[in-house]
Every structure is written in structure tokens, then in C-alpha cells.
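For the sequence shown, my numbering assigns the number 915 to the initial residue and increments by one for each residue that follows.
Glycine is no exception: its CB is placed at the ideal position from the N, C-alpha and C atoms.
I have placed the structure first, in the form of C-alpha cells, so that the comments after it can refer back to it.
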Amino acid sequence: MVEMSAAYFITGTDTDAGKTTVAAGLLHAARLKGLSTAAGKPVASGCVMTAEGLRNSDALALQAECSIELDYDEVNPLAFAPAIAPHLAALEAGVVLTVDSLLQPMRHILDKQTDFTLIEGAGGWRVPLAGQHNLSDLAIALGLPVILVVGVRLGCINHAVLTAEAIARDGLHLAGWVANVIDAQTSRLEENLATLRERLPAPCLGRVPRLSEASAENVAHYLDVQLLN
915 MVEMSAAYFI
925 TGTDTDAGKT
935 TVAAGLLHAA
945 RLKGLSTAAG
955 KPVASGCVMT
965 AEGLRNSDAL
975 ALQAECSIEL
985 DYDEVNPLAF
995 APAIAPHLAA
1005 LEAGVVLTVD
1015 SLLQPMRHIL
1025 DKQTDFTLIE
1035 GAGGWRVPLA
1045 GQHNLSDLAI
1055 ALGLPVILVV
1065 GVRLGCINHA
1075 VLTAEAIARD
1085 GLHLAGWVAN
1095 VIDAQTSRLE
1105 ENLATLRERL
1115 PAPCLGRVPR
1125 LSEASAENVA
1135 HYLDVQLLN
């Protein structure tokens, strides 16, 4: 059950698992319940240069679902143009991508103490930062419970279970997971989903089908934030 000032780190089984689609949907679902919302995406690559500077479509989608006013640079403090792994994009830009460089901006968002806050990672759980650190180290430093987005396609059970095990080894609580159907033609789809429910030690917050228009409003209909534990 979501409590006041609840905050979560949202990760995925892989790149393109649908983290932002689900995150925006969860934020919208929370707003429909009258909760105040905020979100952060500490680092993003694949950004586009605009008149206002580099902008990332995922970060913009999260910003749009914040009920409080947050500047883009607050939501996404580190933005890089190349659509490559963030640590490589940072290296090319001459930026040392450390946990400390991401920690304070995200704590700034958490300090807003909205009813429902999401901090969205990049890629999967072990996305590298500088040196031997990973983005998961940011989640550990923040001490947030985790929401896992499972991109449902062939091989997702292995990816999901391994990610859940890594989260547990890192001492963090898996608060819930979402089945985001990437490939609607996946063989034995229902059986795969049943296996995920059996193997993942957290409630399923919803199943998002393939949608022709995956807007936050549409996705929110398939999600229940009250199931978070």
C-alpha cells in the first residue's frame, strides 16, 4: 500500500523494457488518486538539441507527469546526445559519471516530499558508471525500494529473476513489478506471465498490453499503485 511521501527507484530488465512508459503511467495513476507526484531521470543519453538545450524524450515524459513544477535540469541533470550507454556518452563529453554527481540532484527531488516520487534508471540494473560503479549504486545510496519493469518477450523470465536476485543482494526491497508486453506474439504468453508471478517476490502492479497509443493516461488504466508494498 502506497503511503504518503512514498518514493521508488524504477528499473527494467533491459534497455527498451518500457521503463518510461510504465513510470509515466504510474505517475498518472497516482495523480488520478489525488497524490502529488515528482520524478527524476538522473542521466539520459540519446538527447536532442533544442533551443533550450539537450532534451531527452523520456525525461520530458516524466516531467509532464509531475504535479509540482520542476525545471527540466532538475528532472534530468545529466543529458548527452549520443544514443549509447550513458558511461560512454559521458566519457566522450569529458564528464566523469559518478554516483556522487547524480546523488545530490536526485535527493533534491526527494526533498520535495511529494506523495509519490519515481527515480528512473537507464537501461537495466547494472548499467555502468565511471570506474567500477553502476547505476544500481545510486539506488543503494538513495535507499529506495525498487519497481521492476519486465519487458515481456522471449527470455524475459531469466532477465527478470536475475534482476530481482541482484536487487535483493544489493540489500534493496523489490516493492512491485509490471509486465510490459513488448512482443504480443510471444509464445505461451499467459504461461510466461504465470511463471513470473510465481518467481518474482513482489506483487504485480499490472499488465500493460501493446498499445497503439501508449500515453501515460492510457497506460495508467492498467496499473494499480495501491499494490506497492
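Check: Any heavy atom of the ligand GTP closer than 7 Å to the Cβ of Ala1116?
Finding: Annotation note on the ligand GTP: not contained in the displayed structure, which lists no ligands.
Checklist line | Best match in Ala975, Leu1016 and Gly939 for proximity to Ala1093 [C-alpha to C-alpha] | finding: Gly939
Notebook entry, point to check: Where does the unbroken beta strand (DSSP E) through Gly1090 begin, and where does it stop?
Noted result: Leu1088 to Val1095
Notebook entry, point to check: Nearest-angstrom Cα distance between Ala995 and Glu1006?
Noted result: 10 Å
Checklist line | For Thr1077, the three-state DSSP class (helix, strand or coil) | finding: Thr1077: helix per DSSP, three-state reduction.
Notebook entry, point to check: How is Asn1048 classed by DSSP in three states: helix, strand or coil?
Noted result: strand
Next item on the list: Please decide whether Ser959 counts as near chain B, where near means a Cβ-Cβ distance under 8 Å.
Entry: Reference to chain B is not applicable here, since this structure consists of a single protein chain.
Next item on the list: For the beta strand (DSSP E) holding Arg967, just list the boundary residues, first then last.
Entry: It is worth fixing the name first, because residue 967 is Gly in this sequence and not Arg. Unbroken beta strand (DSSP E) run through Gly967: Gly967 to Arg969.
Notebook entry, point to check: Using a Cβ-Cβ cut-off of 8 Å (strictly less than) and excluding sequence neighbours within five positions of Leu946, which residues of its own chain qualify?
Noted result: Ala1134
Check: In angstroms, rounded to a whole number, what distance separates the CA positions of His1073 and Trp1039?
Finding: 10 Å
Checklist line | Which residues DSSP lists as bridging Gly948, in chain order | finding: Partner(s): none; Gly948 has no beta bridge.
Item checked: Whole-Å CB distance - Val957 paired with Leu1002, under 8 Å assumed -> The Cβ separation is near 12 Å, so there is no contact.
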